[in-house]
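> In terms of our numbering, the sequence shown is residues 4 to 194.
Virtual Cβ for every residue (Gly too), placed ideally from N, Cα, C.
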Amino acid sequence: MKNIFLGITGASGAVYAIRLLEELNKRDFNVSLTVTDDGLININLELSASYSSSEDFVNDFGFTNVTLYHYRDFAAPVSSGSNTADLCLVAPASMGCVGRIASGISSNLVERCADVVLKENKKLLLLVREAPYNSIHLRNMLYLSEIGVTIMPASPAFYYNPSNIDDMINFIVGKIFDIMGIEHNLFKRWT
Ligand SMILES: Cc1cc2nc3c(=O)[nH]c(=O)nc-3n(C[C@H](O)[C@H](O)[C@H](O)COP(=O)(O)O)c2cc1C
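1. Just checking: is the beta-carbon of Val152 within a distance shorter than 9 Å of some beta-carbon in chain D?
2. Select from Ala14, Glu26, Arg22, Phe32 the residue whose C-alpha is nearest the C-alpha of Lys5.
3. For Met98, which residues of its own chain have a beta-carbon under 6 Å away from its beta-carbon, when the five flanking residues on both sides are left out?
4. With a cut-off of 8 Å on the beta carbons, I'd call Val69 and Leu36 a contact; round off their distance for me.
5. Taking any heavy atom of ligand 1 as the mark, which residues have a C-beta closer than 6 Å to it, listed down the chain?
6. In angstroms with no decimal places, state the Cα-to-Cα distance between Arg75 and Val34.
7. When you compare only the Cα positions, how much space is there between Lys191 and Ile21?
8. So, for Asn143: in the same chain, excluding its five sequence neighbours on each side, which residues have a beta-carbon less than 7 Å away from its beta-carbon?
9. Spatial neighbours of Ser23 within its chain, please: CB distance less than 8 Å, with the 5 preceding and 5 following residues excluded, ordered by chain position.
10. Could you tell me the distance, in whole angstroms, from the CA atom of Tyr72 to the CA atom of Ser56?
11. Along the chain, where does the beta strand (DSSP E) that runs through Phe8 open and close?
12. Return helix, strand or coil for Leu92, following the three-state DSSP convention.
13. So, helix, strand or coil for Ser110, using DSSP?
14. With DSSP collapsed to three states, give me the class of Lys178.
15. Out of Ala88, Asp89, Leu189, Ile108, state which residue places its alpha-carbon closest to the alpha-carbon of Pro165.
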């Protein structure tokens, strides 16, 4: 797996996306990235930042393996079945985004990329976050799970005694890497 698409939407949990980007940047992956408007709002809120655009955000972190696309850019390569990403990650995934993917509504590049990986039988992983879930959320996630989508809740575990927020973020990113088959030392495994 080399070509990964990451969509950042407006659910809480921008830190997960940032850790994912940092860890992918240490490895041999090409990352196509897009950030929705609400995703950028949450990045700013949760990082106490004031990025005026997703370009500012990417430049500030200095990710070297990331190609950024505007979230309305349906001409981006990953928008086509002839250039499908090996994996489409949406992290964090808003319930609105989950619902639109479940309904086949490709209203932005995140949803279009998800739609394309599904039609091309590639992998889609959604790092979902809401609390509590209503029946619409649960039905959408069940439907997506039934068609092969991995629904990963942004719910860190506590059995490994995390000592800080960083540990909790690493646990979730490590679980995503487990599914992707990427070796890591992001958390200590249960023995
Ligand atoms: C501070 C903040 C936190 C939010 N957290 C969540 C969340 O955890 N889950 C969710 O589904 N929506 C959350 N939202 C609402 C989404 O941002 C909103 O539904 C938005 O339309 C999602 O759009 P997008 O999928 O295009 O990014 C939050 C909004 C704000 C401002």
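Here's the rundown:
1. Among the protein chains of the structure shown there is no chain D, as only one such chain exists.
2. On the sequence shown, residue 5 is found 2 positions in, with the first residue counted as 1. When only C-alpha atoms are compared, the closest one is Phe32.
3. For the purposes of this step, residue 98 is taken as the residue at position 95 of the sequence shown. Excluding sequence neighbours, Met98 sits near Glu133, His140.
4. Position 66 of the sequence shown, counted from the first residue, corresponds to residue 69. Position 33 of the sequence shown, counted from the first residue, corresponds to residue 36. Yes, Val69 and Leu36 are in contact; Cβ-Cβ is about 5 Å, under 8 Å.
5. Thr12, Gly13, Ala14, Ser15, Thr39, Asp41, Gly42, Ile44, Asn45, Leu48, Ser97, Met98, Gly99, Cys100, Arg132, Glu133
6. For the purposes of this step, residue 75 is taken as the residue at position 72 of the sequence shown. For the purposes of this step, residue 34 is taken as the residue at position 31 of the sequence shown. Their Cα atoms are separated by approximately 17 Å.
7. By one-based count along the sequence shown, residue 191 stands at place 188. By one-based count along the sequence shown, residue 21 stands at place 18. Roughly 21 Å between the two C-alpha positions.
8. For this step, residue 143 is matched to residue 140 along the sequence shown. Excluding sequence neighbours, Asn143 sits near Val101, Gly102, Ala105.
9. Looking up residue 23 in the sequence shown gives position 20. For the sequence presented, residue 23 should be read as Leu rather than Ser. The answer, listed in chain order, is Leu9, Leu92, Ala94, Val176, Ile179.
10. Counting from one through the sequence shown, the residue named residue 72 turns up at place 69. Counting from one through the sequence shown, the residue named residue 56 turns up at place 53. If you take the alpha carbons of Tyr72 and Ser56, they lie about 11 Å apart.
11. Mapped onto the sequence shown, residue 8 falls at position 5. Start and end: 6-11.
12. On the sequence shown, position 89 is the one that residue 92 refers to. Three-state result, Leu92: strand.
13. The count along the sequence shown starts at 1 and reaches residue 110 at position 107. Coil at Ser110, not helix or strand.
14. Here residue 178 corresponds to residue number 175 of the sequence shown, with the count starting at 1. In the structure shown, Lys178 sits in a helix (DSSP, three-state: H, G or I).
15. By one-based count along the sequence shown, residue 165 stands at place 162. Residue Leu189 is the option with its Cα nearest to Pro165.
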